[in-house]
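Trainee: Pasting in a structure now, in structure tokens, and then I'll have a few things to ask.
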Amino acid sequence: MSFTQKISRLTSTPFVWLFFAGFITSCSSSKLDLKGFDLAKGEQVYNNLCMVCHTAGMFGAPKMRDKSMWASRIAQGMDILINHGINGFNAMPPKGGNASLSDEDIKNAVAFMVSQSQ
Ligand code: HEC
Numbered sequence: 003m004s005f006t007q008k009i010s011r012l013t014s015t016p017f018v019w020l021f022f023a024g025f026i027t028s029c030s031s032s033k034l035d036l037k038g039f040d041l042a043k044g045e046q047v048y049n050n051l052c053m054v055c056h057t058a059g060m061f062g063a064p065k066m067r068d069k070s071m072w073a074s075r076i077a078q079g080m081d082i083l084i085n086h087g088i089n090g091f092n093a094m095p096p097k098g099g100n101a102s103l104s105d106e107d108i109k110n111a112v113a114f115m116v117s118q119s120q
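Every number in the numbering used here is 2 more than the matching position in the sequence shown, counting from 1.
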């Protein structure tokens, strides 16, 4: 059997297409749903504070827009990311070090960071 025959045989099997469709669906659904967050407000908070560490990756902070650095963190889901943003996590200070920010500010800032990094 020639290579092209093998390929056409393979692609005529519905199972192969089902597998393929499932693969594509699982890729796209691994992105977090950011509806309900105010990304524009989050960007302001980010630019005023979070960028100090997250632009260059200071102290091991996951760099903004570096998908490979964010993938495993994003896999934790928004609740844990927000919790770590509010309460701190290792060298990540609670609320990025500015206690006067509201929980809402942190939620939006985390959502903005995720939106740029997933
Ligand atoms: C002083 C530096 C610094 C500032 C300022 C800072 N971060 Fe971080 N951030 C870190 C470091 C370091 C880590 C990595 C901690 C680790 O994984 O050990 C981190 C990790 C994170 C994570 C990932 C947590 C996880 O579960 O993987 C989120 C989300 C985050 N920061 C959000 C923010 C937000 C939002 C702000 C602004 C309000 C901010 N950070 C400001 C240093 C900083």
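Note that beta-carbon positions come from the ideal geometry of N, C-alpha and C, so glycine has one too.
Between D68, S104, A42, A77, which lies nearest to K33 when the distance is taken from Cα to Cα?
Mentor: A77
Trainee: Look up M80 in the DSSP assignment and say whether it is helix, strand or coil.
Mentor: helix
Trainee: Would you tell me roughly how many angstroms separate the C-alpha atoms of S31 and Q120, rounded to the nearest one?
Mentor: Reliability of the predicted coordinates at S31 is poor, the pLDDT of 49 falling under 50, and the value obtained from them is presented with this limitation in mind. Each residue's Cα considered, the two are about 11 Å apart.
Trainee: Since A113 contacts G44 with CB under 8 Å, what's their CB separation in whole angstroms?
Mentor: 5 Å
Trainee: Quick one: residues in its chain with C-beta nearer than 7 Å to the C-beta of L36, no 5 flanking neighbours on either side, listed in chain order?
Mentor: A113, V116, S117
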